[in-house]
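Undergrad: One structure follows; several queries about it will come next.
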Amino acid sequence: MNPHAFISLRYPLFFSVLILYAIFCFLSTNVFAFEAKRTVLPNGLTVLQSENHNLPIVMITLMVKAGQSHEPKEKAGIANLAAALLTEGTKTRASKEISEEIDFIGASLNASAGNDSTSITLSVLKKDVDKGFELFSDVLLNPVFPQTEIEREKDLVKGLLRQREEDPAFVAGRAFRSAVFGEHPYGRVIEGSPETIDQIKRDDILKFYSEFFLPNNSILSVSGDLSGEELNLLITKYIGGWEQSGMPEITLSKPDEKKTRKVIKIDRDLTQANIVLGNPGINRNNPDFYAVSVMNYILGGGGFSSRLMQSVREEKGLAYDVHSFFAAQKDAGHFEIGVQTKNESANVTIEDIIRQINRMRYEEVSDEELSEAKSYLTGSFPRKLDTSRKIADFLASVEFYDLGLDYVEKYPAYINAVTKNDVLRVAKKYLDADNFTLVVVADQEKAKLKY
Amino acid sequence: MLFFRVFLISLVLLLSVTAYTAYATAVYEHTLENGLKIIIVEEHKAPVATFQIWFRAGSSDEPRGKSGLSHLLEHMMFKGTPKYGPSELSKIVQRNGGMNNAYTTKDYTVYFEMFSSDRIKLSLELEADRMQNLTLDPKEVRSERQVVMEERRLRYEDDPQNSLSEEVVAAAFKVHPYQRPVIGWMSDLKSMERNDLYHYYKTFYSPDNAVIIIVGDVTADEIVHKVKAYFENIPPGLPRKPMASVEPAQKGEKRVMLRKEAELPYIIVAYHTPSFPHEDSCAIDVLNLILSGGKSSRLYRSLVYEKKIALNISANYSSFNRDPYLFFFSATATPGKENAELEKSLYEEIEQIKKEKPSEIEIQKAKNQIESSFVMGQDSIFLQAMKYGIFEMLGDWRLIDKYLDGVRKVTPADVVNVANKYLHENNRTVGILIPTKEDSRSKE
Chain A
0 MNPHAFISLR YPLFFSVLIL YAIFCFLSTN VFAFEAKRTV LPNGLTVLQS
50 ENHNLPIVMI TLMVKAGQSH EPKEKAGIAN LAAALLTEGT KTRASKEISE
100 EIDFIGASLN ASAGNDSTSI TLSVLKKDVD KGFELFSDVL LNPVFPQTEI
150 EREKDLVKGL LRQREEDPAF VAGRAFRSAV FGEHPYGRVI EGSPETIDQI
200 KRDDILKFYS EFFLPNNSIL SVSGDLSGEE LNLLITKYIG GWEQSGMPEI
250 TLSKPDEKKT RKVIKIDRDL TQANIVLGNP GINRNNPDFY AVSVMNYILG
300 GGGFSSRLMQ SVREEKGLAY DVHSFFAAQK DAGHFEIGVQ TKNESANVTI
350 EDIIRQINRM RYEEVSDEEL SEAKSYLTGS FPRKLDTSRK IADFLASVEF
400 YDLGLDYVEK YPAYINAVTK NDVLRVAKKY LDADNFTLVV VADQEKAKLK
450 Y
Chain B
0 MLFFRVFLIS LVLLLSVTAY TAYATAVYEH TLENGLKIII VEEHKAPVAT
50 FQIWFRAGSS DEPRGKSGLS HLLEHMMFKG TPKYGPSELS KIVQRNGGMN
100 NAYTTKDYTV YFEMFSSDRI KLSLELEADR MQNLTLDPKE VRSERQVVME
150 ERRLRYEDDP QNSLSEEVVA AAFKVHPYQR PVIGWMSDLK SMERNDLYHY
200 YKTFYSPDNA VIIIVGDVTA DEIVHKVKAY FENIPPGLPR KPMASVEPAQ
250 KGEKRVMLRK EAELPYIIVA YHTPSFPHED SCAIDVLNLI LSGGKSSRLY
300 RSLVYEKKIA LNISANYSSF NRDPYLFFFS ATATPGKENA ELEKSLYEEI
350 EQIKKEKPSE IEIQKAKNQI ESSFVMGQDS IFLQAMKYGI FEMLGDWRLI
400 DKYLDGVRKV TPADVVNVAN KYLHENNRTV GILIPTKEDS RSKE
């Protein structure tokens, strides 16, 4: 966060959560002329493209289907290091040369790892697309992971992890996910921990890269001012030699299935209690995903239209922000409610949250709530595809979760089919008012938690 | 038929290839009789549109002892009118698939909606209504005051780096109201009453103090008539006195220390600098990017990459303020390193650029970064609208061309000049975060 920005927003989080989990809640009743092409190259690379010639820019996202889930627990942080080091040295360029060339054309080239995938993104002006694509292909195909850069990056990541201890939301979220997921990789911080980072050797990173960074394990998504022909030329010229190969099988640990209440209290010198409450959720391919989207919108996903916001903020003035979401990922997922309130109000806020969970579980939602949720979820779709950057990322996600290119047309029907009964059913099934995990980072003496 | 003035704005003219002028944008401009200005930009690439209304009213317009008034009023603007009760506005927007929000700065306050283009007209009715008929129920004021205090705890009290930033700004200004934080000091928030809000609202939310900006898949000829119908009868507000405080030149370094629970040392160094359209502002922008634009910048290379004494370093100069503000540098220490080392290395880099002209390549890189960010910003209709608003707040959106022209003309000698003129000891305020940490507090 930029400490000097002197902007103060009325309510920033609702929409940033929607963006983070953009794949959750999209699409609309409006017929939206949106064209995308999908092809699979002979080397197995899936290519998606949407042309838009209104502005001389090109946005590229390359998604490799390997992330945190594909690394051993005792060496957690490999995926993150591998991604960060792609831009820190190739066969022909040193770290400094890469950043110098990218900065000179005013482009950005970034790589980052997630739970199940790693993304490399390029944003470049059309006039520099050849140079940009060449740099992009170089970091993708020819990284050398120099030992000095590995050491530098490891120190940097460990330092940043230390800095994040200053952020109570990070501390709470880390404890929460670890409790909810147990041994499953989703329970870990993407950077790993100082101890696991110390275990990582150059060979581990090379192995991760060579096993998973393959065309048959990747999605290339391109949006903006580039024709199909121009894209083909770039692909042939710069990544034509990328060869496919077999991949090792990965077996993931099962998330912790035992149903017990877990309460974790972390004591810090803070004015506010940072509260996270939730339970295991659903994965992205669960057919209940759409009913869950509607239910969560009503409970705490719908900003000022949500029950949590109405009760906790609007009626009681207890918090600036309260929200809930289902993080539905490839292999599993979780549900969480997050709120910050002054230490002294922690108990009353938690009580209110549990009351709202129980209401969802035992009472039908009103017709009005149901229809408002549906009209938001369907009607907000065009805004999810209103920039070339969003389109490139969206297409990659649709492919990654295997939703089909007709997802844009189908989504409204999925949402509109949800009934009040479905909402009640999924609330009972996926919200737990007894055996939840509760994390409170606060000045515990002042919070005097009853839980 | 309303009289329209249409201008071609040539943001991408900077690019050397002439073909790019094809992307120039038409800007429709019209001012109503009550002084309300309307700017419309048609952008048909996606079926969406944004409506924004900008009021020249920010924390620097607040009376003494009432810091945070502009921002609390911004919150209260969502608490209803006789026609639409509390939260109804947001519900209507969301029911129509839209999003709305608002933000407050030191100089202005902005309200906005994003919709599918077929719904954008909803904005007109909702915004025209709350611009003149806000309820400001005392009970709602008391409740929202609590919400803002929670927001203050979240953003500042419990965030050591933001807390230091607040200290530095407060120390850097002794006369000008830029001293106060937008969110307000806690005791001022506690004392805020309905009447304070009402008077401020009636004074500053006046049509001649506002600008409407619409960007997206709209037809200017059509929508301007509707804007006129909703807004033309709004009467002017109470008389406004221009804020007259001028910050005198700083005559010696100021230092502030903050001891707070934190993990790592952190430093902020802030220099008083002029704002655009001051003749030096474009050169300071280029200087800023040479020092901090990307991983190839001087500060990142030196403090993060080579010396490994900083985890991150940033320089932040925004010239788009109504009055002169600050050029900030900030850095977090690598574990085991101290603020003194960060400060010394930062000054070494600053002294270097004061002595020796940057290369033509460095200058060109900075210019390319500015150009590119302007073009990339066009990808989003929201950012496009913001760009017109920011320049309009400085007097006229046409200043965009003046700004880009100014950037293009910056020479290596200009950069050395402004570095010498502003980045000197007597002109700086230094903030030092000294982490205090109680051990073994953690328990499960």
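Protein chains in written order, with numbering that gives the first Met the number 0: chain A, 0 to 450; chain B, 0 to 443.
In this text, a Cβ means the ideal position worked out from N, Cα and C, and glycines have one as well.
1) Counting beta carbon pairs with one atom in the region 414-425 of chain A and one in the region 290-308 of chain A, are three or more of them shorter than 8 Å?
2) Using C-beta distances below 8 Å, list every residue in its chain close to residue 132 of chain B, excluding the 5 sequence neighbours before and after it, in chain order.
3) What are the complete alpha helix (DSSP H) segments, minimum 4 residues, inside the region 89-158 of chain B?
4) Listing by chain order, which chain A residues have their CB less than 7 Å from the CB of residue 45 of chain B?
5) From the DSSP output, in three-state form, read off residue 86 of chain A for me.
6) Taking only the alpha-carbon atoms, compute the straight-line gap between residue 396 of chain B and residue 28 of chain B and give it to the nearest angstrom.
7) Cutting at 7 Å between CB atoms, please list the residues of its own chain near residue 163 of chain B, excluding the five before and the five after it.
8) Give a yes or no on contact between the region 200-220 of chain B and the region 38-51 of chain B, applying the rule of three or more CB pairs nearer than 8 Å.
9) For the ligand SAM, is there any heavy atom lying closer than 8 Å to the beta carbon of residue 63 of chain B?
10) Near residue 287 of chain B, what residues of its chain come up, given a Cβ to Cβ distance below 6 Å and the 5 sequence neighbours on each side ignored?
11) I need the DSSP call for residue 20 of chain A, collapsed to helix, strand or coil.
12) Taking any Cβ of chain B, which residues in the region 119-131 of chain A have a Cβ under 8 Å from it, in chain order?
13) If you pair each beta-carbon of the region 341-356 of chain B with each one of the region 356-364 of chain A, do three or more pairs fall below 8 Å?
14) Take the Cβ of residue 260 of chain A as the centre, count every other Cβ of all protein chains shown within 10 Å, and call the residue buried at 16 or more, exposed below.
15) Please report the residue range of the alpha helix (DSSP H) in which residue 428 of chain B lies.
16) Exposed or buried, residue 237 of chain B, counting other C-beta atoms within 10 Å across all chains shown (16 or more means buried)?
17) Check for me: the alpha helix (DSSP H) holding residue 431 of chain A runs from which residue to which?
18) Comparing the C-beta of residue 55 of chain A with each C-beta of chain B, is any distance below 9 Å?
19) So which of B:87, B:177 and B:195 has the shortest CA-CA distance to residue 65 of chain B?
20) At the 9 Å Cβ level, is residue 191 of chain B part of the contact set with chain A, yes or no?
21) So, for residue 212 of chain A: in the same chain, excluding its five sequence neighbours on each side, which residues have a beta-carbon less than 6 Å away from its beta-carbon?
22) Would you please state the rounded distance, in angstroms, between the beta carbons of residue 88 of chain A and residue 145 of chain A? I believe it to be under 8 Å.
23) Let me know the secondary structure DSSP gives residue 128 of chain A once reduced to three states.
24) State yes or no: is the beta carbon of residue 23 of chain A nearer than 9 Å to at least one beta carbon in chain B?
25) Within 9 Å of any Cβ in chain A, is that where the Cβ of residue 63 of chain B sits?
26) Terminal residues of the continuous beta strand (DSSP E) containing residue 340 of chain A?
27) What residues in its chain sit with their C-beta under 8 Å from that of residue 89 of chain B, if we drop five residues either side in the sequence?
28) For residue 180 of chain A versus residue 333 of chain A, is the C-beta spacing smaller than 9 Å?
29) Taking the Cβ atom as the reference point for each residue, do residue 181 of chain B and residue 103 of chain B lie within a distance shorter than 9 Å?
30) In three-state terms, what does DSSP make of residue 329 of chain B?
31) When the Cα atoms are used, what is the spatial distance from residue 314 of chain A to residue 142 of chain B?
32) Which term fits residue 34 of chain B, buried or exposed, when burial requires 16 or more other beta carbons within 10 angstroms of its beta carbon?
33) Short of 8 Å in beta carbon distance, which residues of its chain neighbour residue 401 of chain B, apart from the five on each side in sequence? Order them along the chain.
34) Report the option in B:126, B:149 and B:289 whose CA atom is closest to the CA atom of residue 355 of chain B.
35) Is the beta carbon of residue 435 of chain B closer than 9 Å to that of residue 259 of chain B?
36) Output yes if chain B places a C-beta closer than 9 Å to the C-beta of residue 256 of chain A; else output no.
TA: Reading from the atomic positions:
1) Yes: the two stretches touch, three or more of their Cβ pairs being nearer than 8 Å.
2) 80, 81 and 82
3) 120-131 and 137-151
4) 381, 384 and 385
5) For residue 86 of chain A, the three-state secondary structure derived from DSSP is coil.
6) Rounded to whole angstroms, residue 396 of chain B to residue 28 of chain B spans 10 Å at the Cα level.
7) So the list reads 257, 265, 267, 430 and 432, once near-sequence residues are dropped.
8) yes
9) As far as ligands go, the structure on display features none, and thus does not contain the ligand SAM.
10) 314 and 316
11) Because the pLDDT of residue 20 of chain A is 32, which lies under 50, any placement of that residue in the model is unreliable, and the number read from its coordinates should be weighed accordingly. Coil, per DSSP.
12) 122, 124 and 126
13) no
14) With fewer than 16 other Cβ atoms within 10 Å, it is exposed.
15) No alpha helix (DSSP H) contains residue 428 of chain B, which is instead part of the beta strand (DSSP E) from 427-435.
16) exposed
17) From DSSP, residue 431 of chain A is part of no alpha helix (DSSP H); its letter is neither H nor E.
18) yes
19) B:195
20) Judged by the 9 Å Cβ criterion, residue 191 of chain B is not in contact with chain A.
21) 63
22) 5 Å
23) helix
24) Confidence at residue 23 of chain A is low in this model, with a pLDDT of 30, below 50, so its placement is unreliable and the value that follows should be read with caution. At a cut-off of 9 Å between beta-carbon atoms, residue 23 of chain A makes no contact with chain B.
25) For residue 63 of chain B, the answer is no, since every Cβ of chain A falls outside 9 Å of its Cβ.
26) Looking at the DSSP string, the run of the beta strand (DSSP E) that includes residue 340 of chain A is 332-341.
27) 77 and 99
28) yes
29) yes
30) strand
31) 8 Å
32) exposed
33) 276
34) Nearest of B:126, B:149 and B:289 to residue 355 of chain B, Cα basis: B:289.
35) yes
36) No, no contact with chain B.
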